[in-house]
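Visitor:
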Amino acid sequence: MNLHEYQGKEILASFGVRIQRGIVAHNAKEAVDAAKQLTAETGTGWHVIKAQVHAGGRGKGGGVKIAKNLKEVEEIAGQMIGMNLITPQTSAEGKKVHQVLIAEDVYYPGDSETSEFYVSVVLNRGTGKNMIMYSTEGGMDIEEVAESTPHLIFTEEIDPSTGLLPFQARKIAFNLGLSGTAFKEMTKFIASLYKAYVESDSNMFEINPVLKTSDDKIMAVDAKVSIDDNALYRRKQYSEMRDLREENPIEVEAGALGLNYVDLDGNVGCMVNGAGLAMATMDLIKMAGGEPANFLDVGGTADAKRVEEAFRIILKDKGVKAILVNIFGGIVRCDRVANGIVEAYKNMGDAMNVPIIVRLQGTNAEIAKDIIDNSGLEVHSAVQFQEAADKVKAVLA
Ligand code: GDP
Ligand code: MN
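If you use my numbering, the sequence shown corresponds to residues 46 to 442, in order.
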């Protein structure tokens, strides 16, 4: 589950990480009130208006702007809220901005003593360990740095049995070229950041930039946080931060039905039982010259109701030109699944408007094939994997 910048910063602050202070606003008036409050609390003269959407690269897309006075706060916030923000990380339509963060300006104009670093904590799935990635080249061009000068990005792996050790935090601060107060501040920053990551059950905390001010304070200016969905049951305070408006609406609906659904860009919808078989089915579609439109694991029960729900979810994606059903019938016998598919198809009437290829394998597979073939519906049956692939190819041609 991804969070907004302001939510990530809230979590950081609760673990003692210094952050650029800010207040969320939903309209221009709230923005002006927030700016006044920030000036009273921090003494800041200028403010930064930051679009709160689940996408990076906001600075490049006009989603981060400086306001030099309250009139500018009002104008910029008024214009930003409601706009579709397009950044290098959004689709061409962009993302609708529902709220902005009014933040204190923490960069002093003409100040050459400030530096922007990059620091993130992520799970390295290859080694099964958390790692801290960091670079002196923080700021808006980090993707470019990673691409053309990857040696400027360092990593530090954390042993899960010991956690972050003090020498590792010092090594990071040293490699970032810091000394004196800034060095000490950075070791504290790294330790608190790592604690925030672990104790919130996150799989990513990316802080870019981490700012060193000219008076040697180290603070988080941005925060990109992703919390492990599987841990949300025990992190209620964070699960309440979910903003469904930022998520794919079909995935949200499928999730509510208990379907494991991931929306993809292709033209062949798939309905499969079991995650491994679903992955193999997506390969099969590719080999047949199609592109999977989704990943969908319907789980253990493939009765008529379940199949119909799954068909309806798949067909919400208008790019779907055919559906491949690939079900292994073990305890759920294939003939029962076949009857379920036929019944679901009939219930859907005109809503079912693409050809369906059904491959049922396992108990009573041959009986199931007869049920499909004799249904009189536009359903193509297959028993073998290759046969199913060929039929997908034929309906796409
Ligand atoms: P992103 O582009 O979505 O990653 O958004 P960020 O929160 O990282 O902001 C983009 C850039 O805006 C940063 O890299 C900073 O250079 C700049 N920025 C952020 N806060 C301030 C601020 O308080 N003052 C000034 N002058 N620039 C800021
Ligand atoms: Mn950033």
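Quick reminder that beta carbons are idealized off the backbone N, C-alpha and C, glycines included.
Does the ligand MN have a heavy atom nearer than 7 Å to the CB of Asp150?
Guide: Because no heavy atom of the ligand MN lies under 7 Å away, the Cβ of Asp150 does not count as near it: no.
Visitor: Using only CA atoms, which one of Asn114, His99, Lys74 lies nearest to Val93?
Guide: Of the candidates Asn114, His99, Lys74, the one whose C-alpha sits nearest the C-alpha of Val93 is Asn114.
Visitor: Whole angstroms are fine: how far does the CA of Asn293 sit from the CA of Gly104?
Guide: Distance between the alpha carbons of Gly104 and Asn293: 23 Å.
Visitor: What I want to know is whether the C-beta of Asp267 ends up closer than 7 Å to one or more non-hydrogen atoms of the ligand MN.
Guide: Because some heavy atom of the ligand MN lies under 7 Å away, the Cβ of Asp267 counts as near it: yes.
Visitor: In chain order, what are the residue ranges of uninterrupted alpha helix (DSSP H) at least 4 long that sit wholly in the segment 290 to 352?
Guide: DSSP runs (the alpha helix (DSSP H)) wholly in the segment 290 to 352: 294 to 301, 320 to 332.
Visitor: Does DSSP put Arg279 in a helix, a strand or coil?
Guide: Here Arg279 sits in helix by DSSP.
Visitor: Per DSSP, what are the beta-bridge partners of Thr200 in this structure?
Guide: According to DSSP, which records beta bridges pairwise, Thr200 is partnered with Met178.
Visitor: Would you check if the segment 399 to 417 and the segment 367 to 385 touch, i.e. whether three or more CB-CB distances between them fall below 8 Å?
Guide: Contact holds: three or more Cβ-Cβ distances are below 8 Å.
Visitor: Cα separation between Asp418 and Ile401?
Guide: Going from the Cα of Asp418 to the Cα of Ile401 covers about 12 Å.
Visitor: Give a single yes or no on whether Ile126 has its beta carbon closer than 7 Å to a heavy atom of the ligand GDP.
Guide: Answer for Ile126: no, Cβ out of range of the ligand GDP.
Visitor: Please return the same chain residues whose Cβ sits closer than 7 Å to the Cβ of Glu426, not counting the five positions on each side in sequence.
Guide: It should be pointed out that residue 426 corresponds to Ser in this sequence rather than to Glu. Within the same chain, Ser426 has close Cβ partners Val403, Lys414, Ile417, Asp418.
Visitor: How many Å lie between Val343 and Arg381 at the Cα?
Guide: Answer to the nearest angstrom: the Cα atoms are 15 Å apart.
Visitor: Count the C-beta pairs between the segment 292 to 311 and the segment 63 to 83 that are closer than 8 Å, then say yes if the count reaches three, no if not.
Guide: Touching, no, given that fewer than three Cβ pairs across the two stretches are closer than 8 Å.
Visitor: Does the distance from the C-beta atom of Ala333 to that of Lys438 stay below 8 Å?
Guide: Cβ distance < 8 Å, so Ala333 and Lys438 count as in contact.
Visitor: What is the DSSP secondary structure of Glu251, counted as helix, strand or coil?
Guide: DSSP places Glu251 in strand when its eight states are reduced to three.
Visitor: Cβ atoms of Ser237 and Val270: under 8 Å apart, would you say?
Guide: Contact: no.
Visitor: Report the rounded CA-to-CA distance for Tyr242 versus Arg63, giving the unit in angstroms.
Guide: Straight-line Cα distance between these residues: approximately 15 Å.
Visitor: Taking a contact to mean a Cβ-Cβ separation below 8 Å, would you say Ala122 touches Ala76 in this structure?
Guide: In this structure, Ala76 lies closer than 8 Å to Ala122 by Cβ.
Visitor: According to DSSP, Met264 sits in a beta bridge with which residue or residues?
Guide: Paired residues: Leu256.
Visitor: Expressed to the nearest angstrom, what Euclidean distance is found between the alpha-carbon atoms of Ser259 and Arg290?
Guide: In a straight line, the C-alpha of Ser259 is about 39 Å away from that of Arg290.
Visitor: Return the chain-ordered list of same chain residues with a C-beta closer than 7 Å to the C-beta of Thr89, the five sequence neighbours on each side being excluded.
Guide: Leu83, Glu149, Asp150, listed in sequence order.
Visitor: Identify the continuous alpha helix (DSSP H) that holds Phe228 and give its terminal residues.
Guide: Note, Phe228: alpha helix (DSSP H), 225 to 244.
Visitor: Which residues in the same chain have their Cβ closer than 7 Å to the Cβ of Asp156, if we skip the five residues on either side of it in sequence?
Guide: Answer for Asp156: Ser259, listed in chain order.
Visitor: Grab me the residues of Asp267's own chain with a C-beta within less than 7 Å of its C-beta, minus the 5 sequence neighbours each way, in chain order.
Guide: The residues are Glu50, Ile252, Asn253, Pro254.
Visitor: Given a threshold of 16 other Cβ atoms within 10 Å of its Cβ, counted over all protein chains shown, does Phe250 qualify as buried or as exposed?
Guide: Buried: at least 16 other Cβ atoms inside 10 Å.
Visitor: Since Ala70 is in the beta strand (DSSP E), which residue starts that stretch and which ends it?
Guide: Residues 67 to 70.
Visitor: Can you name, in chain order, every residue of its own chain whose Cβ lies under 6 Å from the Cβ of Ser180, other than the five neighbours on each side?
Guide: Tyr163, Leu197, Ile198, listed in sequence order.
Visitor: By the three-class DSSP mapping on this structure, what secondary structure does Glu432 have?
Guide: Reduced to three states, the DSSP call for Glu432 is helix.
Visitor: Which of helix, strand or coil does DSSP assign to Asn398?
Guide: The answer is coil: DSSP assigns Asn398 none of H, G, I, E or B.
Visitor: Taking the CB atoms as reference points, tell me whether Ile177 and Glu161 lie closer together than 8 Å.
Guide: No. Outside cutoff.
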